Amino acid sequence: MAEAVLEIVGVRKAFGAPDGGRVDVLDVPSFVVGAGEQVALRGQSGTGKTTLLHVIAGIVRPDAGTVKVAGRDIAPLSEAERDAWRARHVGYVFQTFNLLQGFTALENVALASMFAGPAKVEHARELLERVGLGSRLEYTPRKLSIGQQQRVAVARALVNKPNLVLADEPTGNLDRANADAALTLLRETCRENGAALLVVSHDERVVAQFERVLDLADLNRASHAEARS
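Take 2 as the starting number for the sequence shown in the working numbering and just add one per residue.
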């Protein structure tokens, strides 16, 4: 395997339950993704998939364990430090895109680069042109189709040239044609930029396109009916 861009060791996460107890959501003994590698995690609801991605991205801090992203353990970092590290090293394609509705496609992508340092508007423009939205730079999300919004989300995830891109059900809100196009775009663009890609999906048509496929229910020992991702 190539040099690791993601290394997880002994990661655990639990959340409070309504009865005052704790519900174990994550218990991942070991997981590694190599630099430039593309991996699919097959995961149904209740297997901790979104929580795992949030831990990897530094959005949620694990209760225990090591989460190394681009060579640094982000688990003990403060929230501000994790945010800064994520901005520089991790791209995230959310299932619902999470685009800023009052901003144009170009602004949505360029703003992401501002959090990692000086704004790179020209690079944002180049990415949007590469994903076929050169004529839609000044369109706000509401003026874009679902497939076009997905392309903006992919461009935003790659604008800072991250080491790792995370995608949570990237085809979940798309019809079959747009889903195929979005996945191809995501994989090819990550490959062109040298970024590793970790996709979580319950769609067998999606996971079948990856050489390395893992079942999240096997990876996460805390998976059970009560777990909520």
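Ideal Cβ placement from N, Cα and C applies to all residues, glycine included.
Being a predicted model, the structure only gives us computed values, none of them experimental.
Checklist entry - Which runs of the alpha helix (DSSP H), 4 residues or longer, sit entirely within the region 173 to 223? => result 177 to 194, 205 to 208 and 217 to 220
Item to check | Whether V40 touches G92 by CB criterion (8 Å) | outcome: no
Checklist entry - So, using beta-carbon positions, are G103 and T141 closer together than 8 Å? => result yes
Checklist entry - In or out: S114 buried (at least 16 other Cβ within 10 Å) or exposed? => result buried
Checklist entry - Beta-carbon separation of V56 and P63 under 8 Å? => result yes
Item to check | Status (buried if at least 16 other CB within 10 Å, exposed otherwise) for S202 | outcome: Buried, by the Cβ-count rule.
Next on the checklist: Can you tell me whether Q45 is buried or exposed? The criterion is at least 16 other CB atoms within 10 Å of its CB, across all chains shown.
Outcome noted: Counting Cβ neighbours within 10 Å, Q45 comes out exposed, since fewer than 16 surround it.
Next on the checklist: Quick check on this structure: which residue in G49, G37, F16 and F98 has the alpha carbon closest to the alpha carbon of D219?
Outcome noted: G49
Checklist entry - Mind checking whether V94 and H124 have CB atoms under 8 Å apart? => result no
Checklist entry - What residues match up with F16 in a beta bridge as DSSP calls it? => result V24
Next on the checklist: Let me check one thing: in DSSP terms, what residues is P46 bridge-paired to?
Outcome noted: Note that residue 46 is Ser in the sequence shown here, rather than Pro. Partner(s): none; S46 has no beta bridge.
Checklist entry - Between the C-alpha atoms of I75 and A65, what's the straight-line distance to the nearest angstrom? => result 12 Å
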